[in-house]
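Numbering (my numbering), first residue to last: 338 to 517.
Even for Gly, the Cβ is constructed at its ideal location relative to N, Cα and C.
The structure under discussion appears below in the form of structure tokens.
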Amino acid sequence: MNTALQWGIWGAGVILNVITIALVGVGLGRMRAMARTINQSAGLLVKMQATLRNKSATNAVTENAEMIYQDLLQNLIPVMAAIDVMPRSTPEHPLWRALGGILDEYAKNPFVLEKLRRCIKLDDDVARSIDHYMNRADGFLRHLTMTEPDGILAATFTDGLLGQSLTLFAQARQLATGDK
């Protein structure tokens, strides 16, 4: 009996050792998994912090957008009067209606580019307004590009009326300065 008891105790000890090793192994695996989770969480926190910083910058742009829009619009009014173009009759912001009117007219009548060229060449006020508009719009687009990591908003403005108007005005400006 003594031998059977010894074998039983020895077997129980082996089983306990196997269970302990398995638990320690599972524990180490869990520890590794927890370390990975903590590292991933830290990475996500850094990304969240960067996103919040970018959103803060974007919110500042949004808050100042109305002032920028008004400044751009003030520079478009003399240009529109000089080339005799009316804004769109839509419920959009006045800046987008003005830009839409200019670009719609250009789409219907490419002679608008020639009118712009003449006005820039002959009227210093129109030339200053175009220059100020282009500088302000370009600065706005650069700021959007720098503050927004994915670039969706900046691309929307660049591909939209703002970017198209910059292209049209740059062409007219180049033609006007090339004539001198």
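Check: Quick one: residues in its chain with C-beta nearer than 7 Å to the C-beta of I457, no 5 flanking neighbours on either side, listed in chain order?; Outcome: V463, A464, I467, A509, R510 and A513
Check: Under 8 Å, with one C-beta from each stretch per pair, do the segment 437-452 and the segment 475-484 reach the 3-pair mark?; Outcome: no
Check: Is N472 helix, strand or coil by DSSP?; Outcome: helix
Check: Mind checking I489: buried by the 16 CB within 10 Å criterion, or exposed?; Outcome: exposed
Check: Hey, could you find the ends of the alpha helix (DSSP H) R455 is sitting in?; Outcome: F448 to L459
Check: V463 by DSSP, collapsed to three states: which one?; Outcome: helix
Check: If we count the other Cβ atoms within 10 Å of its Cβ and call it buried at 16 or more, is A474 buried or exposed?; Outcome: buried
Check: Who are the Cβ neighbours of L440 in its own chain at under 8 Å, not counting the five residues just before and after it?; Outcome: L498, Q501, S502 and L505
Check: Between Y406 and the rest of its own chain, which residues show a CB-CB distance below 7 Å, the 5 nearest in sequence each way excluded?; Outcome: H430 and L432
Check: Does the beta-carbon distance from M471 to A507 come in below 9 Å?; Outcome: yes
Check: Whole angstroms are fine: how far does the CA of A435 sit from the CA of M404?; Outcome: 16 Å
Check: Pick out whichever of F494, I420 and Q411 has its Cα sitting closest to the Cα of R455.; Outcome: I420
Check: Our contact map puts G437 next to V422 with C-beta atoms below 8 Å; I'd like the distance itself, whole angstroms only.; Outcome: Not really, about 10 Å apart at Cβ, beyond 8 Å.
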